[in-house]
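Visitor: Counted the way the working numbering counts, the first sequence spans residues 73 to 229.
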Amino acid sequence: MAKNSKFWLLKTEPESFSIQDLAKSPKQTTCWDGVRNYQARNFMRDEMRVGDRVLLYHSSSETPAIVGLAGVVREDYPDHTAWDPKDSHYDPGSTKEDPRWVMVDIKLERIFREPLPLAKLRGIAALKEMELLRKGSRLSVQPVRKAEFEAILKLAQ
DNA sequence: GCCAACGTTGGC
DNA sequence: GCCAACGTTGGC
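1. Expressed to the nearest angstrom, what Euclidean distance is found between the alpha-carbon atoms of Ser166 and Ala154?
2. Entirely within the segment 96-125 and at least 3 residues each: give me those beta strand (DSSP E) ranges in chain order.
3. Suppose you measure from the CA of Leu127 to the CA of Pro150; what does that come to, to the nearest Å?
4. Secondary structure at Leu204, three-state DSSP: helix, strand or coil?
5. Express the C-alpha separation of Gly140 and Ala228 in angstroms, rounding to a whole number.
6. Measuring CB atoms only, is the segment 167-174 touching the segment 103-118, in the sense that at least three cross pairs come out at less than 8 Å?
7. Cβ atoms of Ala198 and Ala219: under 9 Å apart, would you say?
8. Quick one: residues in its chain with C-beta nearer than 8 Å to the C-beta of Phe186, no 5 flanking neighbours on either side, listed in chain order?
9. Assuming Val144 contacts Val176 (C-beta within less than 8 Å), just tell me the rounded distance between them.
10. By Cβ distance, which residues of its chain are closer than 8 Å to Arg117, with the 5 residues on each side in sequence left out?
Written out as structure tokens, the structure is:
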């Protein structure tokens, strides 16, 4: 792990793309497409770097939970799904000359043996200020503090 | 399915 | 630039 690597949490709805789907992907790698929120995009575009560590979170599922670990293997490049009129994330405002949305590639590192449910995380003192646990938090790409990341790894072992 | 908390859009 | 209306996210 690079010295200056940062930590992130990425949300996904397992019904559309789960960590199990990532495990079955070629090279266990996927492009993280479909992000259509400026703040989330800016994190991907301006701060996510190869080697950064990523927590994967299943949202809108029966038991919302952090389910595993991944790493950034390719930095920001245009999200081509924004150009596809048939894609649910189509954005006519994004052109090939001036792409509005970006994505990164992530590679699976591991699936936690036991997912860490939101309800459990709420009881952990070290995570009190975690963005994920903030009321009304909706960011699908969010930074995670080093201490938070380490506390979560500890819970997952 | 409900609804709180957001982000975006567009009239003025 | 304000802000109401609307759409979306996501836990419960």
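Yeah, the Cβ is synthetic: ideal placement off N, Cα and C, and Gly gets one too.
Guide: Checking against the coordinates, here is how it stands:
1. 6 Å
2. 101-103
3. 22 Å
4. helix
5. 9 Å
6. yes
7. yes
8. It should be noted that the sequence gives Glu, not Phe, for residue 186. Around Glu186: Ala228.
9. 6 Å
10. Asp148, Val174
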